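*Asks:* Let me give you the structure first, and then I'll get to my questions.
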Amino acid sequence: MDGKVSVGYNVLERMLLNENEKPTKLPLSLLEAITNNFSNEQEIGRGGFAVVYKGMLGIGKVAVKKLSETLDLLDQKYSREVQCLMKARHKNIVRFLGYCSETQGEMVDYEGKLVMADLRNRLLCFEFVPGGSLCDYITEDI
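See the structure below:
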């Protein structure tokens, strides 16, 4: 584990042990490490705009929501969502642990030319709650 991953790993474990810890920025390398590089085996859910992966720590698990790279998510909108999640604290809300917002340059072929494209990584990390989605328990049969 490199230094960034090791520090982030310790931060996440401390957060799981202490509910008073505040959500924090997490490095992409950490989220890649705990989800086995976002492997299919770690996938626990998929929606129109994101895939959710189980992240494994020594003392517990987290859920890592990786927002679609093709989703044109404006930085301002993502920032507002993170701000709201950081303020939300209630016993009936899954605890938000942190976020990752990293942009990397990557050479891609665009109309026959190599161009530098920004690859945006936007992720959210939550406490893992076993039992599937709330949608599995809510029905319209009333």
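Under the working numbering, the first residue of the sequence shown carries the number 1267, and numbering increases by one thereafter. Glycine is no exception: its CB is placed at the ideal position from the N, C-alpha and C atoms. Values in this document were obtained by computation on a predicted structure and should not be read as measured data.
Name the two residues that bound the continuous beta strand (DSSP E) containing Ala1383.
*Replies:* Counted from its first residue, the sequence shown places residue 1383 at position 117. Taken as a continuous stretch (DSSP letters only), the beta strand (DSSP E) holding Ala1383 covers 1379-1393.
*Asks:* In three-state terms, what does DSSP make of Gly1311?
*Replies:* Walking along the sequence shown from the start, residue 1311 turns up at place 45. Reduced to three states, the DSSP call for Gly1311 is strand.
*Asks:* Keeping to the same chain, check which residues put their C-beta closer than 6 Å to that of Lys1327; ignore five residues upstream and five downstream.
*Replies:* Sequence index remark: in the sequence shown, residue 1327 carries index 61 (1-based). If we look at Lys1327 and ignore the five residues flanking it on each side, its Cβ neighbours are Lys1320, Phe1394.
*Asks:* Does Val1374 come out as helix, strand or coil in the three-state DSSP assignment?
*Replies:* Counting from one through the sequence shown, the residue named residue 1374 turns up at place 108. Reduced to three states, the DSSP call for Val1374 is strand.
*Asks:* Let me confirm a value: Cys1391 is counted as buried when at least 16 other C-beta atoms fall within 10 Å, else exposed. Which label applies?
*Replies:* Here residue 1391 refers to the residue found at position 125 when the sequence shown is read from its first residue. It is buried - the Cβ of Cys1391 has at least 16 other Cβ atoms within 10 Å.
*Asks:* How big is the Cα-Cα spacing for Ala1299 and Val1271?
*Replies:* As a working note, residue 1299 is residue 33 in the sequence shown. As a working note, residue 1271 is residue 5 in the sequence shown. Answer to the nearest angstrom: the Cα atoms are 8 Å apart.
*Asks:* Measure from the alpha carbon of Leu1323 to the alpha carbon of each residue in Gly1269, Leu1297, Gly1397, then state which is nearest.
*Replies:* Walking along the sequence shown from the start, residue 1323 turns up at place 57. Closest by alpha carbon: Leu1297.
*Asks:* Report the start-end ranges of each beta strand (DSSP E) in the region 1267-1351 that is 3 residues or longer and not cut off at the edges.
*Replies:* Correct list: 1309-1312, 1316-1322, 1327-1333.
*Asks:* Can you find at least 3 beta carbon pairs, one from the region 1346-1366 and one from the region 1376-1385, that sit closer than 8 Å?
*Replies:* Output reads no: the region 1376-1385 does not touch the region 1346-1366.
*Asks:* Looking only at DSSP bridge pairs, what is Gly1364 linked to?
*Replies:* Within the sequence shown, numbered from 1, the residue matching residue 1364 stands at position 98. Looking at the DSSP assignment, Gly1364 forms a beta bridge with Thr1290, Cys1391.
*Asks:* Please report how far the alpha carbon of Leu1385 lies from the alpha carbon of Glu1287, in whole angstroms.
*Replies:* Counting from one through the sequence shown, the residue named residue 1385 turns up at place 119. Counting from one through the sequence shown, the residue named residue 1287 turns up at place 21. Their Cα atoms are separated by approximately 30 Å.
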